[in-house]
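Take the position in the sequence shown, starting the count at 1, then add 150; the result is the number in the working numbering.
Heads up, the beta-carbon is just placed ideally off N, CA and C, and yes, glycines get one too.
Worksheet: the structure to be examined is printed underneath.
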Amino acid sequence: MTRKIILDTDPGVGIPGTDADDPIALLLALADPRLDLLAVTTTFGNCPPELGARGAAAVLAAAGRPDIPVGVGRGTPIARDLPGVLRDAYDGERGREGAIALPQIDAGAAPTAVELIIETVRRHPGEVTIVAVGPQTNLAEALAQAPDIADAIESIVFMGGALGREPVYGRGNITPVAECNIWFDPEAADQVFRAGVPLTMVSLDVTSPASGVVLAADTIRSWEPTSTATRLLAEICSTYLDRPMFEWADGCVLYDPLAVAVAADGALGRFEDLLVGVETNGDLTTGQTVELRDGDPNLRALVEVDGPRVVDHMVDTLFTHL
Ligand code: RIB
Ligand code: CA
C-alpha cells in the first residue's frame, strides 16, 4: 500500500547559495516505493517558484517521470512583502540558473500550485498527504480558496519551525528563534497550524547535525552514479558542497528529505503530540514556533530520530530505485 503525496517545495537545482535538500527530497519521494508522488508544487524560498519549477522539471525528467505535473506557486508571502534578504538573493545568483542546465517551462500553460493542490486533493479525498518543505504559502492559499479540502487532506507533513529542544540547532537559522520556512511566511504557517488538518512537524530540532541527519561530504564524493537520476543527485550535492548555505556540517543537512521519510514511515522515530503556535506579531520573535501549555494538541512533532540509520536508508533507497 503506497501513500499518495504532493511535494510542496522550493528546489534550487545547482543554484549556488541554495540548500540541496529540496531536490534530494524530490528524488527520495520518487525513489521510495512506499510513496506515490502525484504532483509537485513550488514555492519561494531557496529560489523563486518559477526557477524552482524548472529545477523540479529537471529532476523529474532525470528520473524518467516527466508525467508528474508541476504547479508554480506565488512568489510572495500571503500578507507581507518578500523579505529583503530574499529580494537581494533573487536579484543575484539565487534568481537565475546556475551550474546545472534547467529546462524552460511554460508556466502560463501549467496549473498554478494552488489549483494543482486543490484539484489533486479533491480527486483523491482522504488519501493525499502534502509534504511541505518550504514556506507554507501555497497550502494557506489553497485552504483559503477551497476550505472543503481541509477535511479531504489525509495529513500535512512539514519541515519547518524550531522548538528549542535541541540546544544548538533547535532554535533558529534565520533569526535566533525562527526557522526560515516559517519566518518567510508566518501568517501562512499560522493559518495552516489552525486549519484542523492532521499535521506532523519535522523541525530543526531533529533535522540537524546533532541528530546525525547529514549526508556526509565523504559519502557524496565516494558515489559512482549508475543512472541519470543518481548522476544529477551527485551533481546537485557537489554544487552544494562548493557553496554551502550554512556551515553546520561537512555535508548536506537533510532537513526536507527527513519529512519525506516521515511521510513514508510514520513510525520513523519518537513523536509527541503538541500544541504549537506561530508568532506573527513579535518585533524580535516573528516566525517563532512556540510550544503552548494549555489546549489540545494541533500537531504531532518528531522529537527523536536515529539520524545515521535514516540517512543510510535514504541513500540505499536512492541508489536502489533511481
Ligand atoms: O530551515 C531549513 C529549510 O530551509 C529547508 O526546507 C531548506 O530547504 C532550507 O532552505
Ligand atoms: Ca526547502
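Query                                                                                                                        : Result
One or two residues paired with Cys402 in a DSSP bridge                                                                      : Leu365
Reduced DSSP category for Val163 - H, G, I as helix; E, B as strand; rest coil                                               : coil
Check: Val364 C-beta below 8 Å from any heavy atom of ligand 2                                                               : no
Straight-line Cα distance separating Thr152 from Val278                                                                      : 11 Å
Sequence-distant residues of its chain with Cβ nearer than 8 Å to Ile386 (five each side left out)                           : Val163, Gly164, Ala170, Pro173, Ile174 and Ile250
Whole-number beta carbon distance between Ala411 and Leu418, since they are thought to touch under 8 Å                       : 6 Å
Any non-hydrogen atom of ligand 2 within 8 Å of Tyr405 CB                                                                    : yes
Bridge partner(s) assigned by DSSP for Phe421                                                                                : Leu452
Beta-carbon contacts of Trp373 that lie in its chain and below 6 Å, excluding the five residues immediately before and after : Ala384
Cβ contact check for the stretch 247 to 261 and the stretch 271 to 290: 3 or more pairs under 8 Å                            : no
Inter-stretch contact (C-beta, 8 Å, three-pair minimum) for the stretch 330 to 349 and the stretch 292 to 308                : yes
Pair within 9 Å by beta-carbon distance, Pro447 and Leu425                                                                   : yes
Of the residues Ala345, Leu180 and Ala259, the one placed nearest Glu200, counting alpha carbons only                        : Ala259
Same chain, Cβ closer than 8 Å to Ile267, five either side skipped, listed in chain order                                    : Ile156, Asp158, Ala189, Thr191, Gly221, Ile280, Asn288, Leu289, Ala292 and Ile299
For Tyr390, the nearest candidate out of Arg381, Leu382, Cys402 and Trp398 (CA to CA)                                        : Cys402
Run of the beta strand (DSSP E) containing Ile306, from where it starts to where it stops                                    : Ile303 to Met309
For Val363 and Val209, the rounded distance between their alpha carbons                                                      : 22 Å
Asp335 beta carbon near ligand 2 (any heavy atom closer than 8 Å)                                                            : no
Reduced DSSP secondary structure (H/G/I, E/B, other) of Gln438                                                               : strand
beta-carbon Asp462 near ligand 2 non-hydrogen atom, thresh 8 Å                                                               : no
Classification of Ala294 by the beta-carbon crowding that lies within 10 angstroms, buried from 16 upward                    : exposed
Beta-carbon proximity of Gly284 to Phe194, cut-off 9 Å                                                                       : yes
Whole-angstrom C-beta distance between Asp392 and Ala366, which should lie under 8 Å                                         : Actually they are not in contact, since the Cβ atoms of Ala366 and Asp392 sit about 16 Å apart, beyond 8 Å.
CB of Gly205 within 9 Å of CB of Pro161, strictly                                                                            : yes
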